[in-house]
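Engineer: Got a structure for you, questions after.
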Amino acid sequence: VIWKHLNLPDPTPVQYDISYNLQHGDKRMIIEAFRGVGKSWVTSAYVVWLLYMKPQLNILVVSASKSRSDDFTTFTLRLINEIEVLAHLRPKPDQRQSKISFDVAPAAASHAPLVKSVGISGQLTGSRANLIIADDVEVPANSMTQGMRDKLGEAVKEFDAVLSPNGKIMYLGTPQCEMSLYNTLTERGYNLRIWPARVPAARAAEKSYGERLAPMIWDRIHEEGKLSEGQPVDPKRFDDKDLTERELSY
């Protein structure tokens, strides 16, 4: 419904698979995929669906920069304001309705906004959330050195202090180095799902990815004639020519 409203082509199989993992995945999960696949857009749609189903949920969006998380909440609020089937969720005049934080009409009065955006280095204390979306908290600027990565690793521990009982923490991102935060989070009980840009060789997939590789890709590797090594995982978004140009540029 949202993709049609935005005049976008139908969601790709990878976008549907990410959506499925957002809805049915573990309470602590990492969605790791190549840039441009649409992780944030899909997750904004997921947030709108959550508010449609349960308009009392508190959702906290955290990014490396405040402007990045603001973009997420701004886009989400615009969807609510523009899509007719969501009209009943539009904030009332006496409710919060800014790009930084907003409520939805059916929500009861509360100290905390229903949806709120903050930067990872901002003020997390005092927030409460049933769902924390960590959207690109790791970027080159905060993961360049081991000291920076240690600082980031400590900062995200604050999530557990603001998470409500039985709440969910979802990370969206692309690793910036071999010692990525997303790799270390698996030692803290997070389930990692990876969608690479190209299909890895079966042996490399087994050795480097293992159970972390998205099951839909494993299925395609094992199904003869479906996907072979080196083929684009999401050709509707990035075909072989596009990926080759990017690889040469990198």
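All residue numbers in the sequence shown are consecutive under my numbering, ending with 254.
Ideal Cβ positions, reconstructed from N, Cα and C, are used throughout, including at glycine.
#1: My parser needs the beta strand (DSSP E) runs of 3 or more residues fully inside the segment 47 to 103; what are they?
#2: Write down the C-beta distance between Q19 and G42 rounded to the nearest angstrom, noting that I regard them as a contact closer than 8 angstroms.
#3: So, Y194 versus I35, is the Cβ gap smaller than 7 angstroms?
#4: What number of angstroms, rounded off, separates the C-alpha of E210 from the C-alpha of P200?
#5: How about the segment 232 to 240 and the segment 69 to 88: do they share at least three Cβ pairs that are nearer than 8 angstroms?
#6: How is the alpha helix (DSSP H) around S23 delimited, first residue to last?
#7: Y175 lies in the beta strand (DSSP E); which residues open and close that run?
#8: With C-beta atoms as the reference, is A112 less than 7 angstroms away from L93?
#9: Tell me which same chain residues have a C-beta within less than 7 angstroms of the C-beta of K96, skipping the five on either side of it?
#10: Cα separation between V122 and E227?
#11: Assuming V141 and L156 form a contact by the criterion Cβ under 8 angstroms, report the distance between their Cβ atoms to the nearest whole angstrom.
#12: When you compare the CB positions of H61 and L54, do they come within less than 7 angstroms of one another, or not?
#13: Nearest to Y56 by alpha carbon, out of P144, N85, A37, V66?
#14: Can you check whether the CB of I6 is closer than 7 angstroms to the CB of A49?
#15: Can you tell me whether DSSP reads V160 as helix, strand or coil?
#16: By Cβ distance, which residues of its chain are closer than 8 angstroms to D243, with the 5 residues on each side in sequence left out?
#17: Identify every residue that forms a DSSP beta bridge with L185.
#18: Using three-state DSSP, classify G40 as helix, strand or coil.
#19: According to DSSP, is G126 part of a helix, a strand, or is it coil?
Structural biologist: Judging by the given coordinates:
#1: Correct list: 63 to 67.
#2: About 5 angstroms; that satisfies the 8 angstroms criterion.
#3: No, the pair does not count as a contact, with Cβ atoms beyond the cut-off.
#4: Inter-residue distance for E210 and P200 is about 14 angstroms (C-alpha atoms, whole angstroms).
#5: Judged by Cβ distances under 8 angstroms, the segment 232 to 240 makes no contact with the segment 69 to 88, as fewer than three pairs qualify.
#6: Note, S23: alpha helix (DSSP H), 17 to 28.
#7: Y175 -> beta strand (DSSP E) spans 167 to 177.
#8: L93 sits away from A112, with the two beta carbons spaced by 7 angstroms or more.
#9: Only A109 meet the Cβ criterion.
#10: As the crow flies, the alpha-carbon of V122 is around 43 angstroms from that of E227.
#11: About 7 angstroms separates the two Cβ atoms, so the contact holds.
#12: It should be pointed out that residue 61 corresponds to Leu in this sequence rather than to His. Using a Cβ distance threshold of 7 angstroms, L61 and L54 count as a contacting pair.
#13: When only C-alpha atoms are compared, the closest one is N85.
#14: It is a contact, given that the beta carbons lie within the stated cut-off.
#15: Correct three-state label for V160: helix.
#16: Exclusion of the five residues before and after D243 leaves P236 as the residues of its chain whose Cβ lies within less than 8 angstroms of its Cβ.
#17: Bridge partners of L185 according to DSSP: none are assigned.
#18: The answer is coil: DSSP assigns G40 none of H, G, I, E or B.
#19: If DSSP states are grouped into helix, strand and coil, G126 belongs with coil.
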